[in-house]
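**Student:** In the working numbering, the protein residues as written are 6 to 482.
In this text, a Cβ means the ideal position worked out from N, Cα and C, and glycines have one as well.
Structure in structure tokens, see below.
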Amino acid sequence: MTTTHQPDEAERFRAAQTLWQQGHVESARALLQDILAHHPMHPQATPLLAQLLQSQGQLHAASQLMAGWCRHAGLQPALTMRCAQFIQQCQRQPLAAALCEEAIARGHADAGLHVLAGNLARELGEFEVARTHYYAALEAGADLDSWFVLGALAATRRYTNRADPDFARFITHFGDSACSLQARAVTGFGLAKAYDDIGDYAHAAQTLRAANQLSGQAQPWSREAWAHWLDNRLRAHTLETPLPSRPDFVPVFIVGLPRSGTTLAATRLAGHPDMRDRGELPMLHFIAEQLQSGNLLRDAGALRQAAELYRVHAVQDDPAVRWYIDKNPNNFRYLDLIAALFPQARIIHCRRDPRDTALSIWSQSFAHPQYGFASDLDDIAGFFRGHDQLMQHWQQRLHMPVHSLDYEAMVADPESSLEALRAFVGLPSVVATGAAAATLTTAITTASVWQARQPIYNSSVGRWKNYLPHVPELGRF
């Protein structure tokens, strides 16, 4: 008599891994779900299924799965960090913050968990909660080379007095040569922001020069590489045959230079109940790289797959609407691809006084290498020229609507600007009561996390004039 071999749990898990690696997503998902049906919260199958769901745009389901696993395992610090960071990447900050708070309430807090809880609270606009966690992290001895607590702390309040103890914290760490270049740079930007708050523009400018020098050493920028990339983009053949329009899915791309008002425009526009703000989606850059590397830019089948991949990651698995905002400012690089994939798309191009924009970029710590130009005013000017040249190129070559939104007009007359935006996008005119206020609870993960939470004000218009005596280079923009 023969017996049938039953694969053990480890073999079945490895089989699921192999299926996913080979692109058999549904088969891998079914096998992982079967494993979990027999062994709930399996320590390997659970995170793999969550990762699979995330890759398919099912961010709510992925986040809930990781949260359940974390709670089932007792909210231990290391696992809580892992799960909360995953959920944060899925843009479900309230759930990630709840996990951190539950773990801390159980007495499982360590410095890193307090920093993460502070970051999540800051992204949600809960600045006092964030400060409490940051101070707890400092008290617990947080590694300032790993966790940039002081720079984050500076973005939780408006300083009014040079005697505030935070100033001493910032100055001490910024001047500590034993710390990493990047950590010191981030603290320096925070210190400069505090000086700016109290109107000490001379010290703010001096600090910014030093912080940008450190940042440039930690994250160099190649002018040659930017010029080469730009030349290739300008020489690229425009994609001539767009895919069929889909009126049930209208992506709204808010593009422009960094710090030109893209976050403010998205936050205001997303107050409409028929609109979802997905923040700065990385998908368009990924899709462009994949199509280009595979020489698939004229392959209709590949373009259809690319459009569907983007749509899935924009729509996700929360209640569907018709309009979705992608406010990644770097999407200005790929307007030809947008026109080919989504002829129904709407593009909003944010513009701002270049001197204010340059100062705001130069005053900001950026983590992504794409913003390496930000530490040098000459590089910023070169990037501006490339941006303008490429936008002019698209406007001459592409036949799709682009709405120019001036930052100065938006802060001077917010309601008229918002009405024009809604009309351009095609949103229904009736807006649910209180919808605009509801958007303030949405997480903001960009460099504008502090500014976008403040009431609309015009003090940022002409701000460069305060710095011109100390940063005369601004006069060249």
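Give me the residue from Trp152, Gln93 and Ile109 with the minimum Cα distance to Pro82.
**Tutor:** Ile109
**Student:** For the beta strand (DSSP E) that contains His475, what are its first and last residues?
**Tutor:** Where His475 is concerned, there is no enclosing beta strand (DSSP E), given that its DSSP letter is neither H nor E.
**Student:** Would Ala135 pass as a contact of Gly123 if the rule is Cβ separation under 8 Å?
**Tutor:** yes
**Student:** From the DSSP secondary-structure annotation, give me the bridge partner or partners of Gly261.
**Tutor:** Cys355
**Student:** In this structure, does DSSP put Asp331 in helix, strand or coil?
**Tutor:** strand
**Student:** Compute the distance between the beta-carbons of Glu285 and Asn333, then report whether it is under 8 Å.
**Tutor:** yes
**Student:** Which of helix, strand or coil does DSSP assign to Arg309?
**Tutor:** helix
**Student:** Check the C-beta distance from His178 over to Thr161 and give it rounded, since I have them as a contact under 8 Å.
**Tutor:** Contact flag wrong, Cβ pair sits at about 16 Å.
**Student:** Considering Ser409, what are the terminal residues of the beta strand (DSSP E) in which it resides?
**Tutor:** Val407 to Asp411
**Student:** Given that a residue counts as buried once 16 or more other Cβ atoms are within 10 Å of its Cβ, and exposed if not, what is Pro249?
**Tutor:** exposed
**Student:** May I ask which residues mark the beginning and end of the alpha helix (DSSP H) holding Asp202?
**Tutor:** Annotation for Asp202: the continuous alpha helix (DSSP H) segment containing it runs Leu186 to Asp202.
**Student:** How far does the alpha helix (DSSP H) with Met71 in it reach, from first residue to last?
**Tutor:** Leu64 to His77
**Student:** Can you tell me whether Glu131 is buried or exposed, with buried defined as 16 or more other CB within 10 angstroms of its CB?
**Tutor:** buried
**Student:** Less than 8 Å between the CB atoms is what I'm expecting for Met415 and Ile352, so what's the real figure, rounded?
**Tutor:** With a Cβ gap of about 16 Å, Met415 and Ile352 do not count as contacting.
**Student:** Reducing DSSP to helix, strand and coil, say where Asn237 ends up.
**Tutor:** helix
**Student:** Is Thr438 buried or exposed, if buried means 16 or more other CB atoms sit within 10 Å of its CB?
**Tutor:** At Thr438, the pLDDT of 45 sits below 50, so the modelled position is not reliable; the number obtained from the coordinates is stated separately. Counting Cβ neighbours within 10 Å, Thr438 comes out exposed, since fewer than 16 surround it.
**Student:** Taking Arg281 as part of the beta strand (DSSP E), name the residues at either end of that continuous run.
**Tutor:** For Arg281, the enclosing beta strand (DSSP E) has its first and last residue at Met280 to Asp282.
**Student:** On the DSSP letters alone, give me the boundaries of the alpha helix (DSSP H) that His47 sits inside.
**Tutor:** From DSSP, His47 is part of no alpha helix (DSSP H); its letter is neither H nor E.
**Student:** Indicate the three-state DSSP secondary structure (helix, strand or coil) for Pro256 in the structure shown.
**Tutor:** strand
**Student:** Taking 8 Å as the cut-off, decide whether the C-beta atoms of Gln218 and Pro374 are in contact.
**Tutor:** no
**Student:** Near Leu301, what residues of its chain come up, given a Cβ to Cβ distance below 7 Å and the 5 sequence neighbours on each side ignored?
**Tutor:** Ala307, listed in sequence order.
**Student:** Work out the CA separation of Leu155 and Asp202 for me, nearest whole Å.
**Tutor:** 16 Å
**Student:** In this structure, does DSSP put Asn463 in helix, strand or coil?
**Tutor:** coil
**Student:** So what does DSSP say about Leu129, is it helix, strand or coil?
**Tutor:** coil
**Student:** Using beta-carbon positions only, say whether Tyr472 and Leu314 come within less than 8 Å of one another.
**Tutor:** no
**Student:** What's the gap between the Cα of His272 and the Cα of Phe18?
**Tutor:** Note on residue identity: the sequence assigns Thr, not His, to residue 272. About 42 Å.
**Student:** Taking only three categories from DSSP, how would you classify Ser370?
**Tutor:** Under the three-state reduction of DSSP output, Ser370 falls in the coil class, being neither helix nor strand.
**Student:** To which residues of the same chain is Leu205 closer than 8 Å at the C-beta, ignoring the five residues directly before and after it?
**Tutor:** According to the sequence shown, residue 205 is Asp rather than Leu. Closer than 8 Å at Cβ, skipping near neighbours: Arg167.
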